[in-house]
Amino acid sequence: DAGVIQSPRHEVTEMGQEVTLRCKPISGHNSLFWYRQTMMRGLELLIYFNNNVPIDDSGMPEDRFSAKMPNASFSTLKIQPSEPRDSAVYFCASSTSGRDFEQYFGPGTRLTVT
Amino acid sequence: AQSVTQPDIHITVSEGASLELRCNYSYGATPYLFWYVQSPGQGLQLLLKYFSGDTLVQGIKGFEAEFKRSQSSFNLRKPSVHWSDAAEYFCAVVSYNQGGKLIFGQGTELSVKP
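One line per chain: the protein sequences are C and B, in this order.
Going by the numbering used here, the residue at position 84 of the first sequence is 84; the numbering climbs one at a time, nothing skipped.
Going by the numbering used here, the residue at position 94 of the second sequence is 208; the numbering climbs one at a time, nothing skipped.
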């Protein structure tokens, strides 16, 4: 299995631009999680999906952030417009709910907003 | 609400020395507990997990952890640290009433002296 796949691995953009981060979960996993990691705030859960349905988006910072999961094998996290304070590493993780809850993490996308 | 505390932000040990990273959790019932490791520039990798049964669990890379209900702790240990163990370590507990999402501690950064 290829594991959780995230793209791009690195993204540099200017303030005000739209940014889209992509994630492909492990085949057969039905839960997907988006995290943000910064030095100041550590690892934060932004949103998670179960069977493609958003369950808890209470961690999404503000309306500039949105996430979708149109099917079981793909999810996006969009920031529009982006701001310098959005600079962070964004991780996607997937798991099989109802079993051992182990989450498998992708390699992350390092986002820099200038 | 469930919570996880890792009291040590940064620990430095000499190569070959033993290691113990502390983790305390707050949870009413028997918790599902995890330790993850994050090497620089990488995603999180599962080291070990505890669900039930034997309170001493073995993981990858020679790590082990012991669940102590009386102390609400799940400390990570390794008898002899290698330079490649330098990384950040995260303890996490499953939040059952939130769809199985993980509650992470703040992380402990481990440095290894030659």
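Cβ coordinates follow ideal geometry from the N, Cα and C atoms, glycine included.
Query	Result
Note down the Cα distance separating B/Q217 from C/I55, rounded to an integer number of angstroms.	Here the sequence assigns Ile to residue 217 of chain B, which means Gln is not the residue at that position. Cα-Cα distance, rounded: 16 Å.
Do you know whose CA, among C/G59, C/F105, C/D57 and C/M60, lies nearest C/C23's CA?	C/F105
Can the beta-carbon of C/S97 be found closer than 7 Å to that of B/G214?	yes
Taking only beta-carbon positions, decide if B/F181 is within less than 7 Å of chain C.	no
Are B/G173 and B/L162 closer than 7 Å when you measure CB to CB?	yes
If I follow the unbroken beta strand (DSSP E) through B/T222, where does it start and stop?	T222 to K227
Give the range of the beta strand (DSSP E) segment to which B/W197 is assigned.	Unbroken run through B/W197: none, as it is neither H nor E.
Would C/P54 count as contacting chain B if we go by Cβ distances under 7 Å?	no
Give the secondary structure of C/D86 by DSSP, where H, G and I count as helix, E and B as strand, and everything else as coil.	helix
May I ask which residues mark the beginning and end of the beta strand (DSSP E) holding B/F148?	L147 to Q152
For the region 3-17 of chain C against the region 67-84 of chain C, do three or more pairs of beta-carbon atoms, one drawn from each stretch, fall closer than 8 Å, so that the two count as touching?	yes
Is C/Y90 close to chain B, meaning its C-beta is less than 7 Å from at least one C-beta of that chain?	no
Is there a Cβ from chain B that is less than 7 Å from the Cβ of C/P107?	yes
Counting only beta-carbon atoms, is B/K227 nearer than 7 Å to chain C?	no
Residues of chain C with CB closer than 7 Å to the CB of B/Q156, please, in chain order.	P107
Compare the Cα-Cα distances from B/A200 to each of B/A115, B/S117, B/A131 and B/V118 and report the closest residue.	B/A131
Please determine, among C/L46, C/I5 and C/N50, the residue with the shortest C-alpha to C-alpha distance to C/K78.	C/L46
Would you tell me roughly how many angstroms separate the C-alpha atoms of B/A179 and B/Q159, rounded to the nearest one?	16 Å
Just tell me which of B/K227, B/S209 and B/C137 has its CA closest to the CA of B/Q94.	Only positions 115 to 228 of chain B appear in the structure, and residue 94 of chain B is not among them; the question remains open.
Restricting to Cα atoms, I'd like to know which of C/L111, C/N51 and C/D86 is closest to C/R64.	C/D86
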